[in-house]
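>
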Amino acid sequence: MYIDPGQLQDGSKLTTNAENKLPIPRTVDEQADSAARKCIMYFGPGNNPRLSIGPRNQVAVDAGGKIHLIDDLDEYRKSVYKGTWNAVIKLADELREKKIKIGFFSSTPQGGERLSCASVGYCSGTPHPHDLLCARKLTTPFCLYSCSVIGARFVLHERLNGQSRVAVLTIHSDVLRRCRSREYSIFSLTTFVGRVYTETRLLHIDASRAHPVLQCARRRRCLVSPVREFVRNCLS
Amino acid sequence: MWAGIAGTIINNNTAFEVAMSIHDSVYNTDFASSVVPYDPNDPVKQAAAIEKHVLDTLRKFSTEHLCKFLGAGVTLSLLREVRTSLSRSSRESL
């Protein structure tokens, strides 16, 4: 079926010659095909949504709002236990009030967990710029080294203009297991945590069995609050 | 598999045509086009009807051809009708 071009045209914006030729009327199945191809364009090689760089070097995990995961906050609420949800909402409200900005750490460029965190954050209104910034000289060689040796899911990003530096450090439990089994050196983990502390205020560490990291952090006298404790405080 | 879904109002506001195109990242494997009765006076019921139709078709294709949908591209003309419900129900189906 034809789409009536009269519905789509806006004559005031086109020049005289183009008025009659644009937009080209298309059938609905053509549009659907085009939509499918455009959808594929936003997927990367591992079938993950592509990361794109937006204005001011901000990393857009959802291609500037084009990629929608789940738009309804209610869907997230139904998928977790009530206590967990209250804890998350309380955290989100606090962050929003204090206007704290969160930097997400991930060594993998696909950033799947960032997309899901961004969806929740966007729905609940927490400010969450995740910037693609060059890591400072201090930290670059270490970070690259730590990425390759530890294979961990943390790379340091930081705001160049020095605004509130709060870090949410997500350490994959696999890394911790390997640290404990002495495959990777705990020293590099300590040094890394120390460097993170000098440059940001370490707010939350989210990891299962976070003991080695907690030990490092306490040795360096960081402000540490494992998410589990935070959740426990909210539930009590 | 990826789906592209488009929709438009036809026949003077009495019917809504929905077209779906299935893509496997290289080729367009299948397409289908169908008409859903349209009632401009009841947008909520209309949205539910269109959404149900779209999801049923996708689900049927998925079970019949043993494939999984990773994503779908939706045109604005369809989104205008189905506004909020699509992403919620896509969680159940995809």
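Here the protein sequences come in this chain order: E and X.
Quick note on the numbering used here: the first sequence kicks off at 1 and runs consecutively.
Quick note on the numbering used here: the second sequence kicks off at 1001 and runs consecutively.
C-beta atoms are modelled at their ideal positions from N, C-alpha and C, and glycine is treated no differently.
Decide yes or no for the touch test of the segment 22 to 36 of chain E against the segment 1009 to 1019 of chain X: beta carbon pairs closer than 8 Å, at least 3 of them.
Judged by Cβ distances under 8 Å, the segment 22 to 36 of chain E makes contact with the segment 1009 to 1019 of chain X, as three or more pairs qualify.
> Considering only the alpha carbon of each residue, which of X:F1069, X:T1075 and X:N1013 lies closest to I1022 of chain X?
Measuring from the Cα of I1022 of chain X, the nearest candidate turns out to be X:F1069.
> Based on DSSP bridge pairs, tell me the residues matched to W1002 of chain X.
The partner list for W1002 of chain X (beta bridge, DSSP) reads X:H1023 and X:G1071.
> Comparing alpha-carbon positions, which option in X:G1073, X:D1030 and X:S1077 lies nearest H1065 of chain X?
Among X:G1073, X:D1030 and X:S1077, the Cα nearest to that of H1065 of chain X belongs to X:D1030.
> If you run the structure through DSSP and keep just helix, strand and coil, what is I67 of chain E?
Note: I67 of chain E maps to coil in three-state DSSP.
> What first and last residue would you give for the beta strand (DSSP E) that runs through V28 of chain E?
That residue, V28 of chain E, is in no beta strand (DSSP E); its alpha helix (DSSP H) goes V28 to M41.
> How far does the beta strand (DSSP E) with V1036 of chain X in it extend, from its first residue to its last?
Where V1036 of chain X is concerned, the enclosing beta strand (DSSP E) stretches over N1028 to P1037.
> Do A1072 of chain X and A1003 of chain X come within 7 Å of each other at the CB atom, strictly closer than that value?
Cβ atoms of A1003 of chain X and A1072 of chain X: closer than 7 Å.
> Please compile the residues from chain X whose C-beta is within a distance smaller than 9 Å of the C-beta of K38 of chain E.
Within chain X, the residues near K38 of chain E are G1004 and G1073.
> Alpha carbon to alpha carbon, how far is E94 of chain E from D74 of chain E?
Roughly 20 Å separates the two Cα atoms.
> List the residues of chain E that F1031 of chain X touches, going by C-beta distances under 8 Å, in chain order.
Chain E residues near F1031 of chain X: D29, A32 and D33.
> Quick one: grab the DSSP three-state call for I1010 of chain X.
Strand at I1010 of chain X.
> Spatial neighbours of R1083 of chain X within its chain, please: CB distance less than 8 Å, with the 5 preceding and 5 following residues excluded, ordered by chain position.
Correct list, in chain order: A1047.
> For a cutoff of 7 Å on Cβ pairs, would you count N47 of chain E as touching chain X?
So, interface residue.
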